[in-house]
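Below you'll find the structure, written out as structure tokens, and then a few comments.
In our numbering, the protein residues as written are 48 to 229.
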């Protein structure tokens, strides 16, 4: 009797049905929200204010941003789905809460930068966003390593975006002052 019990297949670390349902909801929702906010904020290469700024030499071509964000949002959507679809494990709720907080912060950056033209405030937002993303990656890793791996490109891109934001701020020192009426 004991031999038969030990030969049973262990329960999977996540339910594929739960993962699939989570992915069907999470990935399109994240892509939709990210795209909608970007569109509302005017974060396109045709934004006249953005084109009037002095941009760094390492500035990627405009269309690359949309492609990069679509890929990143898909990856973090799948990472969330993996965590969401994982059976109850310690830290799962914290991981999902950190993700939700980080994504909400993410959605504020484009309007602050592209709509309100507040470069330094956007830099503060992206710094907090990067810290929360690293925390989320760590929390995801503790729940499921695949989810943690899927978050790494997002963290790397946020580091690059923070560098880009910082350089734009340094190349355009009066841009914030004009918005504040100084």
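Even for Gly, the Cβ is constructed at its ideal location relative to N, Cα and C.
Point to revise | Selection from 93, 220, 87 that minimises the alpha carbon distance to residue 165 | key: Taking the first residue of the chain shown as 1, we reach residue 165 at position 118. Cα-wise, what sits closest to residue 165 is 220.
Exercise for review: Please confirm if the region 103-116 is in contact with the region 174-184, defined as three or more CB-CB distances below 8 Å between the two stretches.
Suggested key: No, because fewer than three Cβ pairs between the region 103-116 and the region 174-184 fall closer than 8 Å, the two stretches do not touch.
Check your understanding: Can you tell which of 222, 139, 150, 193 has its C-alpha closest to the C-alpha of residue 205?
Key -> Walking along the chain shown from the start, residue 205 turns up at place 158. Answer by Cα proximity: 150.
**Study point:** Option in 116, 69, 109, 98 with minimal Cα separation from residue 80
**Key:** Along the chain shown, one-based indexing puts residue 80 at 33. Nearest of 116, 69, 109, 98 to residue 80, Cα basis: 116.
**Study point:** Residue span of the alpha helix (DSSP H) that contains residue 161, given as start and end
**Key:** The sequence position of residue 161 within the chain shown is 114, counting from 1. First-last for residue 161: undefined, no H or E at that position.
Review point. Which of the three DSSP states, helix, strand or coil, is assigned to residue 133?
Key: The residue you call residue 133 lines up with position 86 of the chain shown. Note: residue 133 maps to strand in three-state DSSP.
Point to revise | N- and C-terminal bounds of the alpha helix (DSSP H) containing residue 89 | key: By one-based count along the chain shown, residue 89 stands at place 42. Here residue 89 belongs to no alpha helix (DSSP H), and DSSP marks it neither H nor E.
Practice item. Quick one: grab the DSSP three-state call for residue 230. Key: Since the first residue of the chain shown is 48 and the last is 229, residue 230 is not available in this structure.
Exercise for review: Could you tell me which of 146, 172, 93 sits nearest to residue 198, measuring between CA atoms?
Suggested key: What you label residue 198 is simply residue 151 of the chain shown in a count that begins at 1. Selection 146, 172, 93 evaluated against residue 198 yields 146 as nearest (Cα-Cα).
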